[in-house]
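K.L.:
Just so you know, we're using this note's numbering here: the sequence shown kicks off at 168 and counts up by one.
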Amino acid sequence: MGEPGQTKFQTGLRRYLREMEVDRDLTRLICEIANASKYIINSIRTGDLGVAGTSNLYGEDQLALDVLSDRIIRKRLSHSGVVANMVSEETPEIVSVSTDVEGKYSVAFDPLDGSSLVDVNLAVGTIVSIYEGGNVLQPGRNQVAAMYILYGPRTTLVYSSGDGVHEFAMNQLMEYTLVQENLQMAPKGTIYSPGGQRNLYTPGIEKFVSYMEQNGAKLRYSGGFVPDINQILVKGQGVFMYPHLQDKPMGKLRVLYELNPMAYLIEQAGGAASTGRGRILDLEPQGIDDRAPVFIGSKEDVAMAERFIAEAG
């Protein structure tokens, strides 16, 4: 695979997608998002960390990084020629790009998940969910592709288009090259990442956490959804949760921008993703701001969370 003298694991993203026979327009869309990430990582490295609406030294309006990231991605998607509709965590409504939806895609994305972590120099990421046609309010099982980009010590891109989960890393030329193919989740893990305040856990959640601890699981939680999911996926084991809480029965994370794409990736790697009472990818979204509890990672750990919730609430 690749040019003569090139190993498989030096293969560029576009070439890899082509050799995996990913649809041409879907390949273009994935590569547009990859290109947008180059501008986002540059903004993270060099940009001001001010609040949107303030002015910089020259009197120019300053953009918060999440707002700037949103503009970067929206511009790339708008000019891609393959997008019908898009919706972002930063926008209040679905944005129509083309009235002709035939052969095009709809995209839901979180441009900079965990953006509040940038000023303390922790990892953040971009999350993307892709559907065929013009409707973005579909169950996650209908996704044709999902991906995230992690801006950490390395910048990595993880995607699936229904044929396994593959990881790429940005090199010195700011090009993504293959690092790992077919990431796989073990049935049971030794790490857990619990979001939410523990004093607000319901009895079932408290019992699940106690079960994980009693079985030697180590707590690993950064406060960033992308790096925490990336840790579980790349290590191939563990469970992340942001459960229903006593004061937040629907949890915190958004179905469209966060849960559906990550659930798709984890399932493609042989893991599971549940609300605690059912499969994330079977949720029927009623609006762009829908939220749900999430237990995601190794299958046996997720099943155990469901069991404790069924027994104790």
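No residue lacks a Cβ here, since even glycine has one placed at the ideal position from N, Cα and C.
Given the structure is predicted, the values throughout are model-derived calculations rather than measurements.
Exposed or buried, what is Ala440 when buried is set at 16 or more other beta-carbons lying within 10 Å of its beta-carbon?
P.N.:
It counts as buried.
K.L.:
Go ahead and label Met417 buried or exposed: buried means 16 or more other beta carbons lie within 10 angstroms of its beta carbon, across all protein chains shown.
P.N.:
So Met417 counts as exposed.
K.L.:
If I'm right that Val291 touches Asp277 with Cβ under 8 Å, what's the distance once you round it to whole angstroms?
P.N.:
Not confirmed; about 10 Å, so no contact.
K.L.:
Taking only three categories from DSSP, how would you classify Glu199?
P.N.:
Residue state, collapsed to three classes: helix.
K.L.:
Please return the same chain residues whose Cβ sits closer than 6 Å to the Cβ of Arg421, not counting the five positions on each side in sequence.
P.N.:
Excluding residues within five positions, the ones whose Cβ falls inside 6 Å are Arg458.
K.L.:
Let's test the definition: count the other Cβ atoms within 10 Å of the Cβ of Leu412 and tell me whether it reaches 16, buried, or not, exposed.
P.N.:
Buried.
K.L.:
Quick one: any contact between the region 176–185 and the region 338–347, if contact means 3 or more CB pairs under 8 Å?
P.N.:
Yes, the region 176–185 is in contact with the region 338–347.
K.L.:
Which residue wins for smallest C-alpha separation from Val401, given the options Ile294, Phe375 and Ala436?
P.N.:
Of the candidates Ile294, Phe375 and Ala436, the one whose C-alpha sits nearest the C-alpha of Val401 is Ala436.
K.L.:
Would you decide whether Ala312 is buried or exposed? Buried here means 16 or more other CB atoms lie within 10 Å of its CB.
P.N.:
Buried, by the Cβ-count rule.
K.L.:
Report the CB separation of Asn252 from Ser236 in whole angstroms; it is logged as a contact under 8 Å.
P.N.:
That pair is no contact at about 19 Å.
K.L.:
Can you give the Cα-Cα distance for Leu284 and Arg308, rounded to whole angstroms?
P.N.:
Going from the Cα of Leu284 to the Cα of Arg308 covers about 30 Å.
K.L.:
What's the C-alpha gap between Leu224 and Leu289?
P.N.:
Because Leu224 carries a pLDDT of 43, less than 50, the predicted location of this residue cannot be relied on, and the following value inherits that uncertainty. Rounded to the nearest angstrom, the two C-alpha atoms are 26 Å apart.
K.L.:
Roughly how many angstroms separate the alpha carbons of Leu232 and Ile316, rounded to a whole number?
P.N.:
Taking the straight line from one Cα to the other gives about 15 Å.
K.L.:
Among all the DSSP beta bridges, which residues are the ones paired with Ser360?
P.N.:
Beta-bridge pairing links Ser360 to Phe407.
K.L.:
Under the rule that 16 or more other beta-carbon atoms within 10 Å means buried, what is Asp468, buried or exposed?
P.N.:
Counting Cβ neighbours within 10 Å, Asp468 comes out buried, since at least 16 surround it.
K.L.:
What ranges does the alpha helix (DSSP H) occupy inside the region 312–338, keeping only unbroken runs of at least 4 residues that lie completely in it?
P.N.:
Taking only runs of at least 4 residues, no alpha helix (DSSP H) segment lies wholly in the region 312–338.
K.L.:
Find the nearest neighbour of Gly480 within the set Ile200, Met187, Gly443 and Leu304, judged by alpha-carbon distance.
P.N.:
Taking only the C-alpha atoms, the option nearest Gly480 is Gly443.
K.L.:
Any idea which residues DSSP pairs Ala275 with across the strands?
P.N.:
Note: Ala275 sits in a beta bridge opposite Val254 and Ser296.
K.L.:
State the CB to CB distance for the pair Val249 and Ala275, rounded to an integer number of angstroms; the pair is presumed to be in contact (CB under 8 Å).
P.N.:
That pair is no contact at about 15 Å.
K.L.:
Alpha carbon to alpha carbon, what distance is there between Gly438 and Ser465?
P.N.:
Near 5 Å, if we compare the C-alpha coordinates of Gly438 and Ser465.
K.L.:
Less than 8 Å separating the beta-carbons of Ser245 and Val268?
P.N.:
Contact: no.
K.L.:
Is Asp286 helix, strand or coil when you go by DSSP?
P.N.:
Residue state, collapsed to three classes: helix.
K.L.:
Leaving out five residues on either side along the sequence, give the residues of the same chain with a beta carbon under 6 Å from the beta carbon of Arg243.
P.N.:
Same-chain partners within the cutoff: Glu199 and Ala203.
K.L.:
Take Lys415 and list the residues in its own chain whose beta-carbon comes closer than 7 Å to its own, dropping the five residues that flank it on each side.
P.N.:
No residues qualify anywhere along the chain.
K.L.:
Any idea what DSSP makes of Gly371, helix, strand or coil?
P.N.:
DSSP places Gly371 in helix when its eight states are reduced to three.
K.L.:
Drop a sphere of 10 angstroms on the beta-carbon of Gly481, count the other beta-carbons inside from all chains shown, and report buried for 16 or more, exposed for fewer.
P.N.:
Given a span of 168 to 480 for the chain in the structure shown, any question on residue 481 remains unanswerable.
K.L.:
By the 10 Å Cβ neighbour count, where 16 or more other Cβ atoms means buried, how is Thr221 classified, buried or exposed?
P.N.:
In this predicted model, Thr221 has a pLDDT of only 49, less than 50, meaning its place in the structure is not dependable enough to derive any value.
K.L.:
Excluding five sequence neighbours on each side, which residues of the same chain lie with their C-beta closer than 6 Å to the C-beta of Val393?
P.N.:
Excluding sequence neighbours, Val393 sits near Asp280, Gly292, Tyr315 and Leu317.
K.L.:
Among Leu432, Arg212, Ile463 and Tyr424, which residue has its Cα nearest to the Cα of Glu334?
P.N.:
That would be Leu432, whose Cα lies nearest to the Cα of Glu334.
K.L.:
Under 8 Å, do Gly403 and Ile358 count as touching if we go by C-beta distance?
P.N.:
The answer is no: Cβ separation not under 8 Å.
K.L.:
Is Thr194 buried or exposed, if buried means 16 or more other CB atoms sit within 10 Å of its CB?
P.N.:
Flag for Thr194 reads buried.
K.L.:
Kindly indicate which residue of Ala477, Ile261, Glu188 and Lys175 has the alpha-carbon position closest to the one of Asp330.
P.N.:
Looking at the Cα atoms, Glu188 is the closest of the given residues.
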